[in-house]
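No gaps in the numbering here: position 14 of the sequence shown is 454 in my numbering, and each next residue is one more.
Glycine is no exception: its CB is placed at the ideal position from the N, C-alpha and C atoms.
Only one structure is covered here, and it is reproduced in the block below.
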Amino acid sequence: MRYFPLFIDTQTLPVLVVGAGEVAARKIELLLKTQAQITVVAPEVCDTVRQFAEHQRINLIHADFAENMLDGKKLVFVATNNQALNQQIHQHATARGIMANVVDNPPLCHFITPSIIDRSPLVIAMSSSGVAPVLLRYMRQKLEGLLPQNLSLLAKFSERFREQVKGALKTVTERRYFWEDVLEGDIAEQIVQGNEQKAESMFLERLAQGQPSQGEVYLVGAGPGDPDLLTFRALRLMQKADVVLYDRLVSPQILELVRRDAEKIYVGKAKNLHTLPQEDINHLLVRLAKEGNRVVRLKGGDPFIFGRGGEELETLIEEGIQFQVVPGITAASGAASYAGIPLTHRDHAQSVVFATGHLQDNTINLDWPALVQKNQTIVFYMGLTGLPVICQQLIAHGMSPQQPIAIVTSATLAKQKVVCATLEDIQEKAAAANVQPPSLIIVGSVVTLHEKLNWFDGATAASAVITNNAPV
Ligand code: SAH
């Protein structure tokens, strides 16, 4: 960040504007929205500025600039068309430690003025650091459209009741929950529509009720990795969280979207390296919620598909903790779409099974005959280490050694890799491609469609920007 944004209190701010043409007039107009004491100096004055002076809104000095006019000033705006003079004023200001802004001349600016969306007391100031003005204007227009004109009513309402709420609710967290509840719900709706009295009585009633002291747990599916695949609800809850418990499959790009002030706790789990045993995670969730936190339990993919979400909920229910579950795109869906391998297809498969390929004592405990069915796609989660066993068992139960199989690694992320082979030679090809977790295995003739339907190019993917941090 080259330019540091800040909001200056203008109540006692003496400002000098040098120049009184149309360009200066636009700066003065902006300053007149504030309470700054504005002095304008110029030998020639345009009509707009003259009118400001006539209405006593500015102090106009009808003369050439002189150095002593900077005495006691904090900011100076320079808008003359005499470049030598502009340069000179910049130097004087620099020598006196006064901040100068020479209009349209960034090298001579100690500060730049942002693009503003004014819903006072709510003010949004934006800048492109002077490098992308068209993009800035575009973003500003978009934001303008999003923000209701009556937003200032909401801000004024908040200001009016701020102290009263402080008196009624003891902790910062309680107050934050209360205000969020007010600002997201029916009370805000009434305020924005101008029904202030009704809003006020609803508000006071809500305040009298107080806030529940116990928090909640949100079990949220974060999808397979690409942040664009989050649901709106997941994002909303992530933005509300006080604490987030996340595991290894949650990509850094997704963690970036969690509320900045939320505490983030990593709870594992790499294979054979459980950072926190499941039991401890369950109890941590309970403890944090009982302390009054809004806890997001963020899981890769979908929480109810090989996510142990069910077990976590059982503990919450036993302890009487409120919760919500937010589905996520499971790895099978993400990998299938981004690898161009439909899991079902009229000509190939009428059913699809999700199975765990997790190895225990060198075996995989699955009903193999049920898996080896005609026209059925099998998706193995957690199957990379058990790949030899999977291939061997499928063949032993009657599948052709030439059956197509694919491994999709880091699905939906920029570094996604797809290795297609047959049951016979997949191990060799996987080794050659140095396949790493997280990997999903897809078995079935649908795999042959990859060649035709493949569309995803990691190198140009949105997530490519931060690929180096993607989960392994
Ligand atoms: N609840 C998760 C699955 C957790 S089990 C879901 O619904 O997706 C962990 C396994 O999911 C990994 O071993 C791997 O097989 C698979 N997986 C998760 N994310 C993946 C990704 N981006 N690419 C490939 N496989 C993934």
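Top-ranked residue by Cα proximity to residue i, from the options
i	options	result
I829	P561, V848, Q800 and T849	The question names Ile, yet the displayed sequence has Val at residue 829. It is Q800.
V683	M642, E603 and R734	R734
Q718	L695, R748, V622 and V736	R748
P767	V726, I835, N805 and A662	A662
H785	Q843, D701, V886 and A870	V886
Q762	E656, F672 and Q842	E656
I557	K582, A535, P573 and P547	K582
V736	R673, I881, G797 and H530	R673
G607	S641, G650, N635 and L623	G650
Q693	C831, L669 and D487	L669
T534	E507, F744, L695 and K869	E507
S879	N541, F618, H798 and Q528	H798
P844	A854, A810 and L783	L783
Q451	A476, A836 and F744	A476
D742	A772, L728 and I721	A772
I835	L647, I847 and V812	V812
R646	A854, P664, L623 and V726	L623
K869	A854, L824, G884 and V605	L824
Residue environment, residue i, which counts as buried when at least 16 other CB atoms sit within 10 Å
i	result
R577	exposed
V859	buried
I631	buried
Y443	exposed
G537	exposed
D621	exposed
S569	exposed
S691	buried
A460	buried
P664	buried
F643	buried
C-alpha distance - residue i paired with residue j, whole-angstrom precision
i	j	result
L471	D449	12 Å
N908	L575	Residue placement at N908 is flagged as unreliable, the pLDDT there being 34, under the threshold of 50; a coordinate-derived value is accordingly withheld.
A910	Y686	Its pLDDT being 35, under 50, A910 is placed unreliably by the model, and nothing is read from it.
H895	L738	It should be noted that the sequence gives Trp, not His, for residue 895. The straight-line gap from Cα to Cα measures roughly 29 Å.
Y706	D544	48 Å
V905	F597	Note on V905: pLDDT 44, under 50, position unreliable in the model; no value is reported.
R466	N590	25 Å
T770	D666	12 Å
N815	E731	52 Å
A899	K857	11 Å
V912	G625	Any reading at V912 needs caution, since the residue's pLDDT is 30, under 50, leaving its predicted position unreliable; the model's value is listed next. Each residue's alpha carbon lies about 41 Å from the other.
K923	L456	Given that the chain is displayed from residue 441 to residue 912, the structure contains no residue 923 and the question cannot be resolved.
I818	D787	16 Å
Q523	V571	22 Å
K704	F820	30 Å
L593	N635	10 Å
Q790	G760	42 Å
S641	Y617	19 Å
I866	G708	29 Å
M566	V793	50 Å
Inter-residue CB distance, residue i and residue j (contact presumed, cutoff 8 Å)
i	j	result
L659	E752	6 Å
V875	T852	16 Å between Cβ atoms; not a contact.
F746	M839	Going by Cβ atoms, the distance from F746 to M839 rounds to 23 Å, so no, they are not a contact pair.
R600	L609	Wrong, their Cβ atoms sit about 16 Å apart, outside the cutoff.
G498	V481	According to the sequence displayed, residue 498 carries Ile and not Gly. The Cβ separation is near 10 Å, so there is no contact.
R699	K680	7 Å
P445	P554	7 Å
I529	F551	With a Cβ gap of about 15 Å, I529 and F551 do not count as contacting.
L827	I882	With a Cβ gap of about 12 Å, L827 and I882 do not count as contacting.
N521	L548	With a Cβ gap of about 14 Å, N521 and L548 do not count as contacting.
V516	L510	6 Å
Closer than 8 Å to chain D by CB, residue i
i	result
K814	Checking the listed chains, one finds no chain D in this structure; it contains a single protein chain.
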